[in-house]
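Undergrad: In the working numbering, the protein residues as written are 3 to 88. Backbone N, C-alpha and C fix where the C-beta goes; we use that ideal spot for every residue, glycine too. None of these values were measured; they are calculated from a predicted model.
(1) Note down the Cα distance separating residue 73 from residue 20, rounded to an integer number of angstroms.
(2) Candidates 31, 44, 87, 18: which alpha carbon is nearest residue 54's?
(3) Check whether the Cβ atoms of residue 64 and residue 76 sit closer than 8 Å, and answer yes or no.
(4) Give the C-beta separation of residue 57 and residue 22 to the nearest angstrom, bearing in mind that I take them to be a contact with Cβ-Cβ under 8 Å.
(5) Using 8 Å for Cβ pairs, my map puts residue 78 next to residue 50. What's the rounded Cβ distance?
(6) Can you tell me whether residue 54 is helix, strand or coil according to DSSP?
(7) Below 8 Å on the Cβ atoms is my guess for residue 36 versus residue 25; work out the distance and round it to an integer in Å.
As structure tokens, then:
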């Protein structure tokens, strides 16, 4: 049986909406790092995972990345993905 293609949407606390798809993967969560660089610019890193636990594990190396890359500050966020109509 062929898996159904679907769209997944995450809404971040600041109102940003990320839509992924069409996909047949079983992603459940979206994570995002918004880093402020020394020059005031921002970099955004993001991804999606198949569990909340997997998303939380992405947080562990962020402190080291901030130190190595010289970020002034950063925000790490996780949002649940919900299926949305195509």
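TA: In short:
(1) Residue numbering aside, residue 73 sits at position 71 when the chain shown is read from its first letter. Residue numbering aside, residue 20 sits at position 18 when the chain shown is read from its first letter. The alpha-carbon atoms of residue 73 and residue 20 are separated by roughly 24 Å.
(2) Numbered from its first residue, the chain shown carries residue 54 at position 52. Looking at the Cα atoms, 31 is the closest of the given residues.
(3) Numbered from its first residue, the chain shown carries residue 64 at position 62. Numbered from its first residue, the chain shown carries residue 76 at position 74. Their beta carbons are under 8 Å apart, which means residue 64 touches residue 76 by this criterion.
(4) In the chain shown, the residue the question calls residue 57 occupies position 55. In the chain shown, the residue the question calls residue 22 occupies position 20. Wrong, their Cβ atoms sit about 14 Å apart, outside the cutoff.
(5) Numbered from its first residue, the chain shown carries residue 78 at position 76. Numbered from its first residue, the chain shown carries residue 50 at position 48. With a Cβ gap of about 15 Å, residue 78 and residue 50 do not count as contacting.
(6) Mapped onto the chain shown, residue 54 falls at position 52. Note: residue 54 maps to helix in three-state DSSP.
(7) If you number the chain shown from 1, residue 36 lands on position 34. If you number the chain shown from 1, residue 25 lands on position 23. About 24 Å separates the Cβ atoms of residue 36 and residue 25, ruling out a contact at the 8 Å cut-off.
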